[in-house]
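Taken in sequence, the protein lines are chains W and S.
Quick note on numbering: the first sequence equals residues 1003 to 1241 in our numbering.
Quick note on numbering: the second sequence equals residues 1003 to 1241 in our numbering.
Number of protein chains: 2
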Amino acid sequence: MSAAREESRVPGREPLTAPVEDYLKAIYTIGKGSGAAATNEIAQRLALAPASVSGMVRRLADQGLLAYERYHGVKLTESGRRAALRTLRRHRVIEAYLAEALGYPWDRVHEEAERLEHAASDELVDRMAATIGEPEVDPHGAPIPTKDGSVDETVYTSLADLAVGASGVVVRVADEDPEMLRYLGELSILPGKRITVKSRAPYDGPITLGSGRQEMSIGPALAAHVLVAPLADRAGKRG
Amino acid sequence: MSAAREESRVPGREPLTAPVEDYLKAIYTIGKGSGAAATNEIAQRLALAPASVSGMVRRLADQGLLAYERYHGVKLTESGRRAALRTLRRHRVIEAYLAEALGYPWDRVHEEAERLEHAASDELVDRMAATIGEPEVDPHGAPIPTKDGSVDETVYTSLADLAVGASGVVVRVADEDPEMLRYLGELSILPGKRITVKSRAPYDGPITLGSGRQEMSIGPALAAHVLVAPLADRAGKRG
DNA sequence: GCAAAAAGTTAGGACATACTAACTTATTTC
DNA sequence: GAAATAAGTTAGTATGTCCTAACTTTTTGC
């Protein structure tokens, strides 16, 4: 009976709990591309008290999922990174599937995926991906990790950093805030859209954008959440 | 801050945890049609120690989900019944969806649904149901509760109880054991199949069945897991 | 380079869920 | 109807995750 309960004691193969998966995801996205994640950042992203993070982080280090030095933040180990990417893949495949196959509006896929990612098996996720044609990005443009754990880690410019006069194609928008997503949708600032920065008012003022014949103005906070692939600047700076 | 955490304190509207949903489902299926559920039965169905059930059952009673009298089993309250049926609906819609939309084999939908049922929102479940045409039963023939909490509670005869010479249409098979489902699939004892009991060997011996031109023999344990709607007996007893 | 501020940690506790061991109540059997 | 058996409960404990309060370490700003 105790044997039955200890089943697969292969080290590092025990299924991770939902909170653990959330920590790993958070740490991965914070420290994306090598950086370390600070306790407070993790706490903020997960809406937890910093003290809780200290505690959890120590346990995760014991499990070999991350490297932890007291007072100096954490970094995922290879095994932690793999686990994080597995969860991220689930999340993004599920988002894409909900949007594609079930007609979910793009502002609500995140919340639903946030719960399903912990319950869906790898097989389910793979079937979903296959059914909608192995998408490479989720509905917000975030790249979907492959099964073997590789992701596109290209770093894009945000609309807030694009020079006046420059153009870019929207590749990705922040996915967590439904209201923001609805607003971006209204403005039709969507992945794939081509946008030009017409002008930028001083003192963090509004940024005026052109897209096709449309012209609009958004604040820098919003602009920071829109990532673009810059296009060869056809016009130089003007404005 | 404490206000933010106590949010929706409407009594009986707090989201239920996965274990609680599992208890309610188990209690519902055990006491289906009014009966009370015994502690040991609940424990067995959930693979828990009876002591754990005693503890949980008291908490569920405090929450108004069931009526509990020490040493005398439990019965769901109306609110408990509603919660159980909500979970059962999720489970069965998910099973049906996995089979229909994602090509899941019928012996594996149960396990996957067992986890997803706790993570899927009502909206997701409703979209799934709509997408596959509002099915009335899951892949094993179990009736899907409607959104407003009604279910078909017809009690069917099992193949083990069908008289020799009698015929019936398979309406439902037990859903939990993948191996059994695969075996039934091989024999093509599937919901919708018409089957006649040809003979029954004494002392719990094998039951011989006819279905179309096919003839086969199964044990009474397996037969007990196949529910049928008896057909008017066209031939009287013979054999 | 030291004081104030920020960041992070430990201590101690809560809650949900499970367990085993020991006990109590109910049911069965003769 | 009393003893044996079955069913169910309580007591005490463990684990995972979270919290607040108090403390320590690091960083920042002059």
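Glycine is no exception: its CB is placed at the ideal position from the N, C-alpha and C atoms.
In this structure, the CA atom of Ala1234 (chain W) is about 17 Å from the CA atom of Val1157 (chain W). Taking 9 Å as the cut-off, the Cβ atoms of Leu1048 (chain S) and Val1059 (chain S) do not count as close. In the DSSP assignment, Ala1045 (chain W) falls within the unbroken alpha helix (DSSP H) covering 1041 to 1048. Between Val1173 (chain S) and Ala1231 (chain S), the C-beta gap is smaller than 9 Å, which places the two residues in contact. Inclusion of Leu1164 (chain W) and Trp1108 (chain W) in the CB contact set at 9 Å is not warranted, their separation being larger than that value.
Ala1168 (chain W) is not a Cβ neighbour of Ile1209 (chain W), given a cutoff of 9 Å. DSSP, read as helix, strand or coil, puts Ser1123 (chain W) in coil.
Between Glu1023 (chain W) and Thr1079 (chain W), the CB-CB gap reaches or exceeds 9 Å.
When DSSP states are grouped into helix, strand and coil, Glu1181 (chain W) belongs to the helix group. Scanning chain W for C-beta atoms nearer than 8 Å to the C-beta of Leu1104 (chain S) yields Leu1126, Arg1129, Met1130, Thr1133, reported in chain order.
Excluding five sequence positions before and after Asp1177 (chain W), the CB atoms of its chain that fall closer than 6 Å to its own CB belong to His1112, His1142, given in chain order. Among the residues facing chain W, His1120 (chain S) is included, as its CB has a counterpart in that chain under 9 Å away.
Counting along the chain, Leu1090 (chain W) sits inside the alpha helix (DSSP H) bounded by residues 1080 to 1104. Counting along the chain, the unbroken alpha helix (DSSP H) around Tyr1025 (chain W) starts and ends at 1020 to 1032. Around the beta-carbon of Glu1188 (chain W), fewer than 16 other beta-carbon atoms lie within 10 Å, marking it exposed. Using beta-carbon distances, Arg1047 (chain W) does not count as an interface residue toward chain S, since no partner is under 9 Å.
With respect to Ala1115 (chain W), Ile1096 (chain W) sits close: the two C-beta atoms are nearer than 9 Å. Take Asp1154 (chain S), set aside five residues on each side of it, and the residues of its chain with a beta-carbon closer than 7 Å to its own are Pro1145, in chain order. Residue state for Val1172 (chain S) is assigned as strand, using DSSP reduced to three classes.
By the rule that beta-carbons nearer than 9 Å mark a contact, Glu1114 (chain S) touches chain W. Here the C-alpha atom of His1227 (chain S) lies approximately 19 Å from the C-alpha atom of Pro1204 (chain S). In chain S, no part has a C-beta under 9 Å from the C-beta of Ser1160 (chain W); the shortest such distance is about 30 Å.
What Arg1117 (chain S) touches in chain W, judged by beta-carbon distance under 7 Å, is Ala1121, going in chain order. The three-state reading of DSSP puts Pro1017 (chain S) in coil, since its state is none of H, G, I, E or B. A residue is called buried once 16 or more other Cβ atoms fall within 10 Å of its Cβ, and Asp1140 (chain S) is buried on that count. Taken atom to atom, the span from the alpha-carbon of Gly1194 (chain S) to that of Gly1221 (chain S) is near 21 Å. The alpha-carbon of Val1127 (chain S) is positioned some 43 Å away from that of Ser1201 (chain S). Residues of the same chain with a CB within less than 6 Å of the CB of Pro1052 (chain S), apart from the 5 flanking positions on each side, are Thr1041, Asn1042, Ala1045 in chain order. Annotated three-state conformation of Leu1068 (chain S) is strand, per DSSP.
In this structure, Ala1038 (chain S) lies away from Ala1028 (chain S), with their beta-carbon atoms at least 9 Å apart. Relative to the Cα of Asp1064 (chain S), the nearest Cα in the group S:Ser1081, S:Tyr1073, S:Lys1149 belongs to S:Ser1081. In the structure shown, Ser1190 (chain W) falls within a coil segment according to DSSP collapsed to helix, strand and coil. Ala1086 (chain S) has its alpha-carbon roughly 13 Å from the corresponding atom of Gly1066 (chain S).
For Ala1231 (chain S), no alpha helix (DSSP H) encloses it; the enclosing beta strand (DSSP E) starts and ends at 1228 to 1232. The shortest CA-to-CA distance from Glu1217 (chain S) to any of S:Ile1191, S:Arg1061, S:Ala1223, S:Asp1206 is the one to S:Ile1191. A Cβ-Cβ distance of about 14 Å is found for the pair Gly1151 (chain S) and Arg1094 (chain S), leaving them out of contact under the 8 Å criterion.
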